[in-house]
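Here the sequence shown stands for residues 11 to 478, where the numbers follow this note's numbering. Don't be surprised by glycine CBs; every beta carbon is placed ideally from N, CA and C. Scroll down for the structure; my scribbles are underneath it.
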Amino acid sequence: MVAATPAASETRLLLSPPEDATGTGGDTRARRVTRGALRAVLGSLVLGVVAAATFSGSRGVASDAFATRLGAEPGGTCAFGFVDDLPETPVASTFLRAMPTLRESVEAPSHYARCADELTGLPVVTSNDAYRLGNAVERQGVGWIGARRLVLDDEMGYEGSILYNYLMNESEEQRSFVSCVVGHKKKLEAKGVPLDRLHGDDKTIVIPLRLSDKVRFMVEDYPVINTAVVEYKKKYCPQCTDLVIMTLLVWGEDKNHMFAYNDEEYKQSLTVLRSIAKRAQTAEGGNLRVTIRSTLNADDDFVYSAYSPHLVLPLVTPSSWHQLLTYSNRAVFDRERELAAERYFDQVIQPKLSMPGRRQRLLNVYRRLEAQVPDDVLVNWFQLEVKRRGLDEHGVTVTDMDKWADWSAIIALYEVGMGAYDGAVRSIAHSRERAAERRAPEAEGGDRGSADAGEAEANAEDVPGEAS
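In structure tokens, the structure reads:
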């Protein structure tokens with residue numbers, strides 16, 4: 011067991027500029043942080059969030075059992091971890107065009123990779139316009155209103171999920187979200203889900219990694235993750251023997267065809283995962299047994315990370331998911347706060363879930379707001395607007411927003427057209443459009459070749475790692 015000191019519980023390295031009151035860190039667009047700048051900071055700080063309480067052995071699973079389940083079988087193809095090479099042209103064995111609903115994925119098994127040969131077994135999802143937990147809760151990003159509306163609209167697909175319960179409560183306070191996380195953890199426990207599937211134990215470092223359409227920002231900076239793991243183990247968890255990397259290879263293609271899947275980003279994602287894992291196995295990298303875990307159920311993934319006592323957040327690419335994990339992890343390891351969240355869920359949120367007409371009333375509000383707000387606005391337009399009005403962001407509900415007058419004038423302040431997207435994203439999308447235009451005459455002439463050849467041509471024009 012490890013006791014996290016109060017100082018350790020607040021130690022976190024943000025690999026991005028400090029956030030201002032709007033939560034945007036100044037520039038509203040995606041940014042790239044240089045490896046040199048990150049390592050300069052790592053000289054004195056450790057990247058991560060440490061559980062703010064002693065991790066009780068009764069709540070965890072024995073490390074040996076955990077390692078046996080995650081470790082390679084003796085003599086198997088993964089006996090030596092991530093020392094093997096990736097295929098020259100990796101192809102995913104599970105390839106989905108759309109993210110399944112929470113109802114559809116509730117029984118979906120988690121996928122584990124313990125060597126490079128198993129990385130292609132991790133599922134790939136080429137479009138996620140559905141359950142965008144981070145954006146929807148933080149009210150940031152393109153289309154967060156629509157992401158909320160979809161969850162309420164598809165009652166059969168999302169009823170009982172963390173986000174559904176959060177929206178039905180109609181409170182934007184952090185305790186409301188944490189209570190929904192605690193409620194989901196209780197539900198998993200009631201179903202008899204084994205503890206080793208619920209969260210990491212007291213000898214396991216857990217890192218959530220967003221790759222896929224964000225991997226272009228990490229092709230040079232990912233080595234700092236290994237540095238952070240080593241520093242974390244040295245300072246806070248010398249007994250740690252395992253590293254679990256949580257990831258889901260999902261591309262967020264939208265109606266403007268931005269963030270679309272491509273083979274190059276897929277291969278880059280696997281390359282980054284293998285490199286981090288291979289380094290972590292070495293004596294210099296921490297001498298850790300590494301497992302890469304991927305599941306199609308976002309709620310289960312979030313609970314796993316939030317309830318892991320040694321959670322390290324690699325903010326090389328800042329994300330709303332990490333923001334939610336930051337305060338959720340601290341809350342659930344404060345026993346008084348966790349109990350308060352449990353009571354809040356049972357006494358306040360639970361009764362609202364069965365109120366007649368409540369879902370439909372909220373759904374109508376989201377439909378009206380979605381019709382007023384286009385996609386080509388600043389990703390933090392909501393935070394800027396409530397600041398302009400002198401309001402508390404977490405005190406403004408969607409019902410309050412529905413009462414705002416003259417939406418056309420409000421939105422006019424924040425419309426930026428395609429400037430809502432990062433320049434690198436626009437460049438990649440444009441190169442694919444040009445490649446598609448050149449392929450069109452060939453298709454008409456009957457000399458198209460294989461479908462993969464066109465994709466390869468488009469990918470060849472991308473220049474990975476040159477985002478700015």
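Spatial neighbours of residue i in its chain, beta-carbon cut-off 8 Å, leaving aside the 5 residues before and after
i      : result
Leu283 : Ala123, Leu129, Leu219, Leu221, Ile255, Thr257, Ile302
Arg49  : Here the model assigns Arg49 a pLDDT of 36, short of 50, so the residue's position is not dependable and the matter cannot be decided.
Trp414 : Ile420
Glu352 : Ser189, Val192, Gly193, Lys196
Val406 : Glu182, Val396
Beta carbon of residue i nearer than 8 Å to that of residue j
i      : j      : result
Ser115 : Leu306 : yes
Val238 : Val322 : Checking the sequence shown, residue 238 turns out to be Ala, not Val. The answer is yes: Cβ separation under 8 Å.
Val387 : Ile421 : yes
Ala290 : Leu259 : no
Arg158 : Ala146 : yes
His404 : Glu182 : yes
Phe355 : Val101 : no
Val313 : Leu208 : yes
Ser304 : Ser120 : yes
Leu334 : Phe187 : yes
Gly170 : Val240 : no
CA-to-CA distance, residue j to residue i, given in whole angstroms
i      : j      : result
Ser318 : Gly210 : 5 Å
Arg299 : Val234 : 19 Å
Ala381 : Gln370 : 17 Å
Lys362 : Ala293 : 53 Å
Thr111 : Tyr168 : 7 Å
Asp402 : Trp417 : 20 Å
Leu423 : Thr251 : 52 Å
Val358 : Tyr176 : 11 Å
Thr6   : Tyr376 : Nothing can be reported for residue 6: it is not among the residues displayed for the chain, which extend from 11 to 478.
Lys365 : Asn179 : Before going further, note that residue 365 is Met rather than Lys in the sequence given. Taking the straight line from one Cα to the other gives about 11 Å.
Val134 : Val203 : 25 Å
Glu165 : Asp385 : 24 Å
Ala62  : Glu199 : With a pLDDT of only 34 at Ala62, under 50, the local geometry of the prediction cannot be trusted, and the value read off the model is given with reservation. Each residue's Cα considered, the two are about 22 Å apart.
Gly9   : Cys88  : Any property of residue 9 remains undetermined from this structure, which presents the chain solely from 11 to 478.
Gln249 : Arg113 : 38 Å
Glu425 : Glu275 : 29 Å
Lys245 : Asp273 : 39 Å
Asp310 : Ala118 : 11 Å
Val368 : Arg185 : Correcting the residue identity first, residue 368 is Arg in this sequence and not Val. Approximately 21 Å between the Cα atoms of the pair.
Cβ shell of residue i (< 6 Å), same chain only, five flanking positions each side left out
i      : result
Arg149 : Phe392
Ala108 : Ser137
Phe92  : Cys125, Ala126, Arg284, Ala287, Lys288
Trp331 : Gly144
Nearest-angstrom Cβ-Cβ length linking residue i and residue j, presumed shorter than 8 Å
i      : j      : result
Asn236 : Ile286 : 6 Å
Ala308 : Leu143 : 5 Å
Tyr232 : Ile215 : About 16 Å; that fails the 8 Å criterion.
Ile217 : Pro324 : 6 Å
Same chain only: Cβ atoms within 7 Å of residue i, ignoring 5 sequence neighbours per side
i      : result
Val383 : Ile155, Ile421
Asp95  : Ala126
Asp163 : Leu373
Asn379 : What sits at residue 379 in the sequence shown is Leu, not Asn. Only Ile155, Val408, Met411, Asp412 meet the Cβ criterion.
Leu160 : Ala140
Gly46  : Because the pLDDT at Gly46 is just 37, under 50, the model does not fix this residue reliably, and the value given afterwards should be weighed accordingly. Within the same chain, Gly46 has no close Cβ partners at all.
Lys213 : Ser73, Gln249, Cys250, Thr251, Asp252
>> Whether or not the region 149 to 165 and the region 342 to 352 are in contact is what I'm after, with contact meaning three or more pairs of Cβ atoms, one per stretch, closer than 8 Å; do they touch?
In response: Short answer: they don't touch.
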